[in-house]
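**Student:** Handing you a structure now.
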Ligand code: RIB
Ligand code: CA
């Protein structure tokens, strides 16, 4: 039985591969792709989602654009990481996958209402769309099986020394989503940095002999250049597919239950996720937190998805 899933994203190089994994694996039934402003402006993240779906032959999943700015404050993008297009590296042709007319939040709500069972939401961008859904339709909490987030960190940040980008862009949204009582899992940088796209992975993409495999190799080559330049990483971490892989196979990431709070005030730490792994604060645990990635299984799922779509 496959799990109905909504993927909320801000493509973004790693989002692109998360879309492919969610569309390809039979354990999940991708009902909708919703886009949010984050890595780039909403128009660009939405165009990129349509580009990826066109290239990968994902033609049966609606793509809808969502919120173009955080709940409060000004949008901060990551053009230094993902480039001016948000998906720099390979050249994409014009998308043939259409843009859904409805707003992403309306599409999310419709999928949840029409579902015959609770739907899983995987959010791999800022949580603005999810928070807006819960503001407009608080009753949808009962229609959501769980929320799996690529975001936060049990240790340091990336966009700032103590804040991970997705949470940093909209910490109020993250705090509201956390307070909603939804079953929530955070896969933060502490676990996604274990998913490094090493040269052997890039070689596996190229060795597939498909256009999709080649484009993935080019995407990762660009991603590697920014991670080397900005953070002196030897290889880029493939953040977002970790959240999708976890829905497909729980054994991919070892998690613990822990209290998580979102810092929304800190002069230097706004957007930090405060994860109390040792019960120092006396807070009630409110989330599952990813700690250890089982790499071989993860890469088997990720490369298998690209192989499958590339040959379809
Ligand atoms: O911090 C990494 C996260 O921010 C990833 O989801 C990446 O795509 C960006 O959205
Ligand atoms: Ca993302």
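In this note's numbering, the protein residues as written are -13 to 298. Glycine included, each C-beta is placed from N, C-alpha and C at the ideal position.
Which whole-angstrom value describes the C-beta separation of residue 257 and residue 153, a residue pair presumed to lie in contact below a C-beta threshold of 8 Å?
**Tutor:** Looking up residue 257 in the chain shown gives position 271. Looking up residue 153 in the chain shown gives position 167. Right, their Cβ atoms sit about 5 Å apart.
**Student:** Measuring only the C-alpha atoms, how far is residue 291 from residue 268?
**Tutor:** The residue given as residue 291 occupies position 305 in the chain shown. The residue given as residue 268 occupies position 282 in the chain shown. Each residue's Cα considered, the two are about 42 Å apart.
**Student:** Where do the ends of the beta strand (DSSP E) carrying residue 48 lie?
**Tutor:** Residue 48 sits at position 62 when you count from the first residue of the chain shown. Taken as a continuous stretch (DSSP letters only), residue 48 belongs to no beta strand (DSSP E), as it is neither H nor E.
**Student:** Below 8 Å, can you find three or more Cβ-Cβ pairs linking the stretch 58 to 74 to the stretch 179 to 189?
**Tutor:** no
**Student:** I need the DSSP call for residue 62, collapsed to helix, strand or coil.
**Tutor:** Here residue 62 refers to the residue found at position 76 when the chain shown is read from its first residue. Residue 62: coil per DSSP, three-state reduction.
**Student:** Using only alpha-carbon positions, find the residue among 34, 137, 84 and 9 that is nearest to residue 248.
**Tutor:** For this step, residue 248 is matched to residue 262 along the chain shown. Out of 34, 137, 84 and 9, 137 has the C-alpha closest to the C-alpha of residue 248.
**Student:** Could you check whether residue 202 and residue 118 sit closer than 8 Å to each other, using their CB atoms as the reference points?
**Tutor:** Taking the first residue of the chain shown as position 1, residue 118 is located at position 132. Taking the first residue of the chain shown as position 1, residue 202 is located at position 216. No. Outside cutoff.
**Student:** Roughly how many whole angstroms lie between the Cα atoms of residue 17 and residue 84?
**Tutor:** For this step, residue 17 is matched to residue 31 along the chain shown. For this step, residue 84 is matched to residue 98 along the chain shown. Computed Cα separation, rounded: 15 Å.
**Student:** Could you spell out where the alpha helix (DSSP H) holding residue 7 opens and where it closes?
**Tutor:** Stepping through the chain shown from its first residue, residue 7 is reached at position 21. From DSSP, the alpha helix (DSSP H) with residue 7 extends over -1 to 10.
**Student:** Less than 7 Å between the CB of residue 111 and some heavy atom of ligand 1, yes or no?
**Tutor:** Sequence index remark: in the chain shown, residue 111 carries index 125 (1-based). Yes, the Cβ of residue 111 comes within 7 Å of a heavy atom of ligand 1.
**Student:** Alpha carbons only, please: which of 143, 231, 141 and 91 is nearest the one belonging to residue 11?
**Tutor:** As a position in the chain shown, residue 11 is number 25, starting the count at 1. The option with the nearest alpha carbon to residue 11 is 231.
**Student:** Just how far apart, CA to CA, sit residue 182 and residue 82?
**Tutor:** Numbered from its first residue, the chain shown carries residue 182 at position 196. Numbered from its first residue, the chain shown carries residue 82 at position 96. Cα to Cα, residue 182 sits roughly 31 Å from residue 82.
**Student:** Can residue 149 and residue 255 be called in contact, C-beta distance under 8 Å?
**Tutor:** As a first step, residue 149 must be located in the chain shown, where it is residue number 163. As a first step, residue 255 must be located in the chain shown, where it is residue number 269. Yes, Cβ-Cβ distance for residue 149 and residue 255 is below 8 Å.
**Student:** Give the DSSP-derived three-state secondary structure of residue 57 in the structure shown.
**Tutor:** Residue 57 sits at position 71 when you count from the first residue of the chain shown. If DSSP states are grouped into helix, strand and coil, residue 57 belongs with coil.
**Student:** Return yes when the C-beta of residue 143 is under 7 Å from any heavy atom of ligand 2, and no when it is not.
**Tutor:** Along the chain shown, one-based indexing puts residue 143 at 157. Checking every heavy atom of ligand 2 against the Cβ of residue 143, none is found closer than 7 Å.
**Student:** Measuring only from the beta carbon, is residue 206 closer than 7 Å to any heavy atom that is part of ligand 1?
**Tutor:** Locating residue 206 in the chain shown gives position 220, counting from the first residue. Because no heavy atom of ligand 1 lies under 7 Å away, the Cβ of residue 206 does not count as near it: no.
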